[in-house]
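Numbering (the working numbering), first residue to last: 38 to 121. Beta carbons are placed, not taken as given, at the ideal position from N, Cα and C, and that holds for glycine.
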Ligand SMILES: [Zn+2]
């Protein structure tokens with residue numbers, strides 16, 4: 038996973054599972070907002086592990102799970118860690 042500059046309307050991207058060198062990319066712009074950061078991470082990781090899931094389900098899960106975790110006290114402190 039890497040943090041990169043993405044178009045303003047894109048918080049993250051996940052390459053297709055059959056793509057060589059596949060990767061999850063998270064926009065550096067989300068680092069300023071814990072909810073958006075966590076939501077982008079969860080969203081793209083869910084795509085990576087369950088590619089056939091509908092976008093609507095992935096988006097709903099990521100939004101709700103991020104809200105729950107943030108409510109429980111998770112904070113990312115804007116850290117950019119490029120680990121797989
Ligand atoms: Zn998506």
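Could you have a look at residue 47 and say whether DSSP puts it in helix, strand or coil?
The sequence position of residue 47 within the chain shown is 10, counting from 1. In the structure shown, residue 47 sits in coil (DSSP, three-state: anything other than H, G, I, E or B).
What's the C-alpha gap between residue 106 and residue 58?
For the purposes of this step, residue 106 is identified with residue 69 of the chain shown, where counting begins at 1. For the purposes of this step, residue 58 is identified with residue 21 of the chain shown, where counting begins at 1. About 30 Å.
Beta carbon of residue 103, beta carbon of residue 75: below 9 Å?
Taking the first residue of the chain shown as position 1, residue 103 is located at position 66. Taking the first residue of the chain shown as position 1, residue 75 is located at position 38. Result yes, Cβ atoms of residue 103 and residue 75 sit closer than 9 Å.
So, is residue 36 buried or exposed, given that buried needs 16 or more other C-beta atoms within 10 angstroms?
In this structure the chain extends from 38 to 121, so residue 36 is not present and cannot be described.
Apply the 10 Å Cβ neighbour rule to residue 114 and answer buried if 16 or more other Cβ atoms are within range, or exposed otherwise.
As a position in the chain shown, residue 114 is number 77, starting the count at 1. Under this definition residue 114 is an exposed residue.
Are the CB atoms of residue 65 and residue 41 nearer to each other than 9 Å?
If you number the chain shown from 1, residue 65 lands on position 28. If you number the chain shown from 1, residue 41 lands on position 4. In this structure, residue 41 lies closer than 9 Å to residue 65 by Cβ.
For residue 60 and residue 52, believed in contact at Cβ under 8 Å, the rounded distance:
For the purposes of this step, residue 52 is taken as residue 15 along the chain shown, with counting starting at 1. For the purposes of this step, residue 60 is taken as residue 23 along the chain shown, with counting starting at 1. Their Cβ separation, rounded to whole angstroms, is 5 Å, which keeps residue 52 and residue 60 in contact under 8 Å.
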